[in-house]
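Asker: Have a look at this one.
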Amino acid sequence: MQMKTLYLVRHAKSSWDNARMTDFERPLNEIGIQSAPIMARLLKEKKVCPDLVIASPANRAITTARIFCDIIDYPEERIETRMEIYQGGAENLLHLIRKIPDNHTTAMIFGHNPTLTDLSNALVKEQIDNLATAGIVRIDFDTNSWKETAAGEGKRVWYETPKKQKT
Numbered sequence: 001m002q003m004k005t006l007y008l009v010r011h012a013k014s015s016w017d018n019a020r021m022t023d024f025e026r027p028l029n030e031i032g033i034q035s036a037p038i039m040a041r042l043l044k045e046k047k048v049c050p051d052l053v054i055a056s057p058a059n060r061a062i063t064t065a066r067i068f069c070d071i072i073d074y075p076e077e078r079i080e081t082r083m084e085i086y087q088g089g090a091e092n093l094l095h096l097i098r099k100i101p102d103n104h105t106t107a108m109i110f111g112h113n114p115t116l117t118d119l120s121n122a123l124v125k126e127q128i129d130n131l132a133t134a135g136i137v138r139i140d141f142d143t144n145s146w147k148e149t150a151a152g153e154g155k156r157v158w159y160e161t162p163k164k165q166k167t
């Protein structure tokens, strides 16, 4: 049996400095700009190379995805954006995952909380309180098809945060 691997990546820390800016437009702040490459290099060290990258089109998420993809050598022009990652909840995101073509064995999704925390907690038995900004969860599924991904069926392989990298 083939395995499917899913990486859930929360956008790096963002700025709340400009009150006139919409939530969708918010950029990364200095901490986010520093932590995203640190986490991307961790993926490169682990030899992570996704077949598919899907990101929320919100500024902070797509910027995080571009930083990661630059470091892990995933072509930026191949990043797919989906509004439902920004707008939808965990159930909508699971629906999106189930539509991933089966020729992709490794997918990476860049999104937001609380959706990513809720999704991770739905897919695996090991719960996390809060997926940290720039945090990454790796979840493996013993299946040949993304259509078969279901609540409680995933296995969390690891969960990494920027704070863990500084210790």
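Letter 83 of the sequence shown, counting from 1, is numbered 83 in UniProt numbering, and no numbers are missing.
We put the CB at the ideal spot given by N, CA and C, even for glycine.
1. List the endpoints of the continuous beta strand (DSSP E) containing L43.
2. By Cβ distance, which residues of its chain are closer than 8 Å to M3, with the 5 residues on each side in sequence left out?
3. Please report the residue range of the alpha helix (DSSP H) in which P65 lies.
4. Compute the beta-carbon to beta-carbon distance between W146 and I97, rounded to the nearest angstrom, for a pair I have assumed lies under 8 Å.
5. Here's a check: name, in chain order, each residue in its chain whose Cβ is nearer than 6 Å to the Cβ of L123, leaving out the five neighbours to either side.
6. Going by Cα to Cα distance, which pick from F68, Q34, T63 is closest to C49?
7. Tell me which residues share the same chain as G152 and place their Cβ nearer than 8 Å to its Cβ, disregarding the 5 neighbours each side in the sequence.
8. Tell me the residue span of the beta strand (DSSP E) that contains M83.
9. Since R60 contacts R26 with CB under 8 Å, what's their CB separation in whole angstroms?
10. Using the Cα positions of T22 and P37, report the straight-line distance between them to the nearest angstrom.
11. Compute the beta-carbon to beta-carbon distance between I31 and K46, rounded to the nearest angstrom, for a pair I have assumed lies under 8 Å.
12. Under 6 Å Cβ to Cβ from I85, same chain only, skipping five residues before and after it: list those, please.
13. Return helix, strand or coil for D23, following the three-state DSSP convention.
14. Among I100, V137, P101, I33, which residue has its Cα nearest to the Cα of T117?
15. Determine the extent of the alpha helix (DSSP H) in which E160 is found, giving its start and end residues.
Answerer: In short:
1. Element bounds for L43: not the beta strand (DSSP E) but the alpha helix (DSSP H), 30 to 45.
2. T105, D140, F141, D142, T143
3. First, the residue type needs correcting, since residue 65 is Ala and not Pro in the sequence shown. 59 to 72 is the extent of the alpha helix (DSSP H) around A65.
4. Contact holds; Cβ gap of about 6 Å.
5. I139, G154
6. F68
7. A122, L123, V124, K125
8. From DSSP, M83 is part of no beta strand (DSSP E) but of the alpha helix (DSSP H) over 83 to 87.
9. Indeed they touch by this definition, with Cβ atoms about 5 Å apart.
10. 25 Å
11. Not quite, the Cβ-Cβ distance comes to about 23 Å (not below 8 Å), so this is no contact.
12. S56, G111
13. helix
14. V137
15. Note, E160: premise wrong, no alpha helix (DSSP H); beta strand (DSSP E) at 155 to 160.
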